[in-house]
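Each remark here refers to the structure printed beneath this line.
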Amino acid sequence: MKVLYFAWLRQKIGMGEETVDPPTGVETAGQLVDWLKTRGPGYEAAFKDARAVKIAVNQAFGTRDTPIAANDEVAFFPPVTGG
Amino acid sequence: MKVLYFAWLRQKIGMGEETVDPPTGVETAGQLVDWLKTRGPGYEAAFKDARAVKIAVNQAFGTRDTPIAANDEVAFFPPVTGG
Amino acid sequence: MTVRVQQEDFDIGAELSALTDGNTGIGGLCSFTGLVRDMNDGSGVGAMTLEHYPGMTERMLEEIEEEAHRRWPLDATLIIHRYGRMEPGDRIVMVAAASAHRQAAFDACNFLMDWLKTKAPFWKAEELPGGETRWVEARDSDEHAADRWREENEV
Amino acid sequence: MTVRVQQEDFDIGAELSALTDGNTGIGGLCSFTGLVRDMNDGSGVGAMTLEHYPGMTERMLEEIEEEAHRRWPLDATLIIHRYGRMEPGDRIVMVAAASAHRQAAFDACNFLMDWLKTKAPFWKAEELPGGETRWVEARDSDEHAADRWREENEV
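Residue numbers (the UniProt record's numbering), protein chains in the order written: chain A, 1 to 83; chain B, 1 to 83; chain C, 1 to 155; chain D, 1 to 155.
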């Protein structure tokens, strides 16, 4: 599963992209967040305020309840500020 | 007094501008219209539907009640259609 | 604040650059350009001629521009309106408003066009395919669009 | 319908001409350009860097454009958004909408900007005078502006 981080999430985690293989039971974007938070203090800091983090699954906006599977691209980022 | 006509008023009257010397008692734009209508069939045709004619006195929108004086510039034209 | 009434065409990009260059307080720039359409009320239009009232035109456009600056926090505005003969696809008019704030630029630009449509002394005569000309009639929808911006204390 | 995401600056006049040339059914063209301001929330900003999510950005901009065409009778639309480092006065984004009808062009252009502001995955980092950078925070006012265009049957 490809996971992407943008803006301050990228800075806190220390990379923009990684491939992960979460354990059985991680079936939604929210469960992926909970698992990622166990992987180190950078992840914990990035996901500390869950409401501040937006989720996209396969380049479409999702929520913590959006199902995820092995070949998906899951992205985490702050509220957007372009334009 | 300088009087200007635009668009179809100009065409009906047959000129765009003239200097007139209306008789005593012509003290408003509406009275000027009534007097102009006596000057020939072109004027009568141009001012037939009074509601269709807009009035400007000294390049500012006015009404039939706007006072006019000898040195004023009075213009008559249809509703505007620019832009 | 700039108002120009001219026969010549204009260059939108150059006008917009001139409006904003050197002012880094501007966050948003909205512009509107009106073009000659080849259809109006169902009959094909070959070309049109725009007549105006020199002197009063500039006065009214300046008043409309001042009113926009009174209502919104604007850094710059521009109105260019052409007169004379124009063909389908030709630019007739452009208005633009620049502000620190996006919605002020949009609203002021929309206001400039709506008020110009009912207050600036221009008249369009269309050339019909047969060679005749026809004076374009004013539209109620333009009056209603302008009325949206009327303030409560206005008559 | 055109969407472009690029590092390079763009030429507003050339883009608008390309959008309308040859289509004489267009009566009105509205455009909005967003520029880097030198002030944001009271502290002077030297420059900023825009990060985005390649792939999703284009998808979201195309969806927003399609939505505009669904809602208004539009002849042409354009969205160009830059990424990378920009300085005060630089153009960041332009959107444009062309229609037979003036208000459709205005409303669609306003809609494109409001939705882009909350739905397109871009993030601004400002360079502060001291050399630090700061991620720009999303504004409630942008959410409210986008909500104006939400339809009743949407969640």
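For glycine and all other residues, C-beta sits at the position ideal for the given N, C-alpha and C.
For residue i and residue j, which I take to be in contact (beta-carbon distance under 8 Å), what is that distance rounded to the nearest angstrom?
| i | j | result |
| --- | --- | --- |
| C:L29 | D:F32 | 7 Å |
| C:A138 | C:M86 | Actually they do not touch by this definition, with Cβ atoms about 19 Å apart. |
| C:A100 | C:G13 | Incorrect: roughly 22 Å between the Cβ atoms, too far for contact. |
| C:A68 | C:F10 | Incorrect: roughly 19 Å between the Cβ atoms, too far for contact. |
| A:V33 | A:A50 | 7 Å |
| C:F122 | C:T49 | About 11 Å separates the two Cβ atoms, so there is no contact after all. |
| D:G27 | C:R37 | 4 Å |
| D:G55 | A:Q31 | Rounded, the Cβ-Cβ distance is 24 Å, inconsistent with contact. |
| B:A70 | B:M15 | In fact, because the Cβ distance is near 20 Å, the residues do not count as touching under 8 Å. |
| D:M1 | D:E65 | 5 Å |
Along chain C, in chain order, which residues have C-beta atoms closer than 8 Å to that of residue i?
| i | result |
| --- | --- |
| B:V80 | K117, T118, K119, A120, P121, F122, W123, A138 |
| D:L16 | I12, G13, T33 |
| D:R37 | T24, G25, I26, G27, A100 |
By the DSSP assignment, the alpha helix (DSSP H) with residue i in it spans what residues?
| i | result |
| --- | --- |
| C:G13 | 12 to 20 |
| D:M60 | 56 to 71 |
| D:D142 | 140 to 147 |
| A:G42 | 41 to 46 |
Got a sec: is the Cβ-Cβ distance from residue i to anything in chain C below 8 Å?
| i | result |
| --- | --- |
| D:R102 | yes |
| B:G42 | no |
| D:S31 | yes |
| B:F77 | yes |
| B:A45 | no |
| D:P88 | yes |
With a cut-off of 8 Å, does the C-beta of residue i fall near any C-beta of chain B?
| i | result |
| --- | --- |
| C:H81 | yes |
| C:R59 | yes |
| C:W149 | no |
Expressed to the nearest angstrom, what Euclidean distance is found between the alpha-carbon atoms of residue i and residue j?
| i | j | result |
| --- | --- | --- |
| A:P79 | C:Q7 | 48 Å |
| C:A105 | D:M94 | 13 Å |
| B:D65 | C:R82 | 32 Å |
| C:M60 | C:L74 | 19 Å |
| B:T19 | C:K124 | 26 Å |
| D:L128 | D:V3 | 31 Å |
| C:E63 | C:Q103 | 22 Å |
| A:P67 | C:T77 | 50 Å |
| A:A76 | A:K54 | For clarity, residue 76 of chain A is Phe in the given sequence; the question names Ala instead. When rounded, the distance between both Cα atoms is 6 Å. |
| D:R148 | D:W72 | 15 Å |
| C:I79 | B:W35 | 38 Å |
| B:E44 | B:T38 | 7 Å |
| A:Q11 | A:L4 | 12 Å |
| B:A56 | B:E27 | 15 Å |
| D:P88 | C:G131 | 53 Å |
| B:D72 | C:I92 | 31 Å |
| A:W8 | A:T24 | 29 Å |
| B:E17 | B:F61 | 18 Å |
| D:A120 | C:E126 | 44 Å |
| C:A146 | C:G34 | 16 Å |
| C:D90 | C:S141 | 23 Å |
| A:G42 | C:A108 | 47 Å |
| C:V136 | C:H52 | 14 Å |
| D:T118 | D:L19 | 25 Å |
| C:G84 | B:A29 | 29 Å |
| B:G82 | B:I13 | 22 Å |
So with Cβ pairs under 8 Å, would you call residue i a contact of chain A?
| i | result |
| --- | --- |
| D:M56 | yes |
| D:E51 | yes |
Looking at the unbroken beta strand (DSSP E) that takes in residue i, where does it start and where does it end?
| i | result |
| --- | --- |
| A:Y5 | 2 to 5 |
| D:E127 | 122 to 127 |
| A:K54 | 54 to 57 |
| A:V33 | Element bounds for A:V33: not the beta strand (DSSP E) but the alpha helix (DSSP H), 29 to 36. |
| D:E132 | Looking at the DSSP string, D:E132 is not in any beta strand (DSSP E), and its letter there is neither H nor E. |
| C:D114 | C:D114 -> not in any beta strand (DSSP E); alpha helix (DSSP H) instead, spanning 102 to 119. |
| A:G62 | 60 to 62 |
| B:M15 | Element bounds for B:M15: n/a, residue is neither H nor E. |
| C:D75 | 74 to 82 |
| C:T2 | 2 to 6 |
| C:T49 | 47 to 52 |
Please list, in chain order, the chain C residues whose beta carbon lies closer than 7 Å to that of residue i.
| i | result |
| --- | --- |
| B:G62 | Chain C residues near B:G62: none, gap ~11 Å exceeds 7 Å. |
| B:W8 | W135 |
| B:Q59 | G55, M56, R59 |
Answer yes or no: does any C-beta atom of chain D fall closer than 8 Å to that of residue i?
| i | result |
| --- | --- |
| A:G83 | yes |
| residue 118 of chain A | With chain A represented from 1 up to 83, any question about residue 118 of chain A goes unanswered, as that position is not in the structure. |
| C:T2 | no |
| C:T20 | yes |
In chain D, which residues lie less than 9 Å from residue i when you measure between Cβ atoms?
| i | result |
| --- | --- |
| C:M48 | None at all; the shortest Cβ gap to chain D is about 12 Å. |
Determine the chain D residues that contact residue i at a beta-carbon separation under 8 Å, and present them in chain order.
| i | result |
| --- | --- |
| C:F111 | Residues of chain D passing the Cβ test: none, with the nearest at roughly 10 Å. |
For a contact meaning CB atoms closer than 9 Å, what does residue i contact in chain B?
| i | result |
| --- | --- |
| C:V93 | G82, G83 |
For a contact meaning CB atoms closer than 9 Å, what does residue i contact in chain C?
| i | result |
| --- | --- |
| D:A145 | R102, Q103 |
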